[in-house]
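Here is the structure we will look at, set down as structure tokens.
Residue numbers (the working numbering): 56 to 413.
Printed below as a string of structure tokens:
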């Protein structure tokens with residue numbers, strides 16, 4: 056009796072940001088692509104290049120990484136082909152989605168973790184706990200809004216404690232200093248002066264995306280939420296969120312080797328600029344490329360632009376996320392909180408971690 060090769064059909068779609076829809080219809084036989092049809096509303100010259108693209112995908116292993124697929128397509132079309140509204144990377148994303156390695160927002164059952172007042176060291180510990188849980192499949196991807204209980208400064212994973220924080224200002228104002236696992240800059244976070252949220256997701260959602268592209272992609276819903284409050288927000292590369300009136304926040308990321316991704320954003324709501332400059336060492340070099348002379352001018356509170364309370368902004372954000380992704384509102388579990396508290400005690404509240412870059 057002859058063995059019949061195992062065949063399966065696969066369909067994947069990718070809408071290029073600001074561009075066109077790319078669709079991959081594939082057949083897989085014995086672990087490799089046996090037929091391929093790339094189609095969509097893009098433009099391509101010459102027509103024959105489409106067959107070159109399709110042929111280039113044939114024989115690819117179903118586990119081929121995004122970069123390998125993109126380079127294979129790029130080599131097939133050459134330098135004379137005009138691809139308008141898409142590119143080899145977007146073809147690779149559509150193929151990876153068809154093969155189940157890249158996902159869309161709609162592929163996941165999202166949760167929204169409503170604000171719960173917790174110490175700042177527990178907050179940063181939760182970012183590690185929940186990212187690891189998503190990577191391990193112990194919980195669904197989630198949006199979590201922060202609510203902390205004390206004035207704090209949260210510094211980036213790679214920042215020098217001495218260079219970022221003024222110890223005299225910290226002591227004078229009773230500030231708790233914590234270090235998070237994601238990179239980026241220091242955040243001055245009194246109890247009600249920021250709107251902070253974290254996203255916990257599998258890296259498959261940003262498969263093939265550069266860090267620069269993934270930031271606005273992951274925060275498109277937040278730009279929509281801000282628009283609903285009357286704020287015209289946009290990204291300034293790499294991770295600044297701004298309005299025509301100035302910067303209002305920034306984002307940071309951490310990608311775990313286990314496949315989880317933490318995306319963290321803090322937006323200014325009502326910051327005491329004088330106190331901030333007494334607590335943070337915001338040097339001239341840091342703000343030089345912002346085209347401004349004073350650190351105080353970097354603070355552009357959401358309260359003044361929206362006239363809304365912080366809970367009203369939270370509600371708009373949660374409603375927007377639900378409208379876009381069908382998320383379910385819930386709260387942190389007792390187990391998640393207890394594990395975060397234990398991790399805070401063992402790691403995030405210790406001088407060894409806080410001063411790991413002295």
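Where is the CB? At the ideal position from N, CA and C, for every residue including glycine. Since this is a predicted model, take the numbers as computed values, not measurements.
Considering only the beta carbon of each residue, do residue i and residue j sit closer than 8 Å?
i: residue 136; j: residue 91; result: no
i: residue 187; j: residue 385; result: no
i: residue 183; j: residue 202; result: no
i: residue 200; j: residue 369; result: yes
i: residue 303; j: residue 260; result: no
i: residue 209; j: residue 241; result: yes
i: residue 180; j: residue 313; result: no
i: residue 175; j: residue 207; result: yes
i: residue 440; j: residue 334; result: In the structure displayed, the chain extends from 56 to 413; residue 440 sits before or after that span and is not available.
i: residue 140; j: residue 211; result: no
i: residue 324; j: residue 218; result: no
i: residue 114; j: residue 146; result: no
i: residue 205; j: residue 177; result: no
Starting from residue i, trace the beta strand (DSSP E) in both directions and tell me its first and last residue.
i: residue 302; result: 301-310
i: residue 266; result: Premise fails: residue 266 lies in the alpha helix (DSSP H), 266-273, not in any beta strand (DSSP E).
i: residue 175; result: Note, residue 175: premise wrong, no beta strand (DSSP E); alpha helix (DSSP H) at 175-191.
i: residue 295; result: 295-298
i: residue 231; result: 231-234
i: residue 385; result: 383-385
i: residue 168; result: 166-168
Look up residue i in the DSSP assignment and give the residues it is bridged to.
i: residue 257; result: 315
i: residue 203; result: 173
i: residue 70; result: 76
i: residue 322; result: 250 and 304
i: residue 376; result: None; residue 376 has no bridge partner.
i: residue 289; result: 297
i: residue 102; result: Answer is none; residue 102 lacks a bridge partner.
i: residue 115; result: DSSP output for residue 115 lists no bridge partner at all.
i: residue 141; result: Residue 141 pairs with nothing; no bridge assigned.
i: residue 242; result: 209
i: residue 123; result: Answer is none; residue 123 lacks a bridge partner.
i: residue 62; result: 84
i: residue 198; result: 167 and 254
Closest to residue i by C-alpha separation, out of the options, would be which residue?
i: residue 62; options: 359, 142, 154 and 128; result: 154
i: residue 112; options: 302, 332, 143 and 166; result: 143
i: residue 98; options: 76, 287 and 181; result: 76
i: residue 306; options: 316, 321, 161 and 298; result: 321
i: residue 293; options: 310, 314, 239 and 325; result: 239
i: residue 116; options: 133, 156 and 95; result: 156
i: residue 390; options: 193, 71 and 158; result: 193
i: residue 133; options: 288, 413, 107 and 261; result: 107
i: residue 277; options: 309, 377 and 204; result: 377
i: residue 151; options: 413, 69 and 399; result: 69
i: residue 86; options: 65, 323, 408 and 96; result: 65
i: residue 270; options: 283, 162, 295 and 229; result: 295
i: residue 110; options: 289, 266, 264 and 80; result: 80
i: residue 359; options: 145, 382, 332 and 326; result: 326
i: residue 164; options: 381, 286 and 406; result: 381
i: residue 223; options: 100, 332 and 361; result: 332
i: residue 379; options: 119, 83 and 162; result: 162
i: residue 284; options: 84, 128 and 367; result: 367
i: residue 84; options: 197, 404, 316 and 118; result: 118
i: residue 315; options: 100, 394, 197 and 102; result: 197
Am I right that residue i and residue j are in contact with their C-beta atoms under 8 Å? What's the rounded C-beta distance?
i: residue 185; j: residue 252; result: Actually they do not touch by this definition, with Cβ atoms about 12 Å apart.
i: residue 280; j: residue 372; result: 4 Å
i: residue 158; j: residue 299; result: 34 Å between Cβ atoms; not a contact.
i: residue 236; j: residue 149; result: Not quite, the Cβ-Cβ distance comes to about 32 Å (not below 8 Å), so this is no contact.
i: residue 409; j: residue 234; result: 5 Å
i: residue 273; j: residue 318; result: 5 Å
i: residue 365; j: residue 286; result: Going by Cβ atoms, the distance from residue 365 to residue 286 rounds to 14 Å, so no, they are not a contact pair.
i: residue 266; j: residue 308; result: 7 Å
i: residue 262; j: residue 121; result: 6 Å
Which stretch, first to last residue, makes up the alpha helix (DSSP H) that contains residue i?
i: residue 223; result: 222-228
i: residue 93; result: Note, residue 93: premise wrong, no alpha helix (DSSP H); beta strand (DSSP E) at 87-95.
i: residue 135; result: Premise fails: residue 135 is in no alpha helix (DSSP H) and is neither H nor E.
i: residue 332; result: 328-334
i: residue 392; result: 389-398
i: residue 219; result: 216-219
i: residue 357; result: 357-361
i: residue 409; result: 406-409
Flag residue i as yes when its Cβ comes closer than 7 Å to any non-hydrogen atom of the ligand GDP, and as no otherwise.
i: residue 116; result: No copy of the ligand GDP occurs in the structure displayed, which carries no ligand at all.
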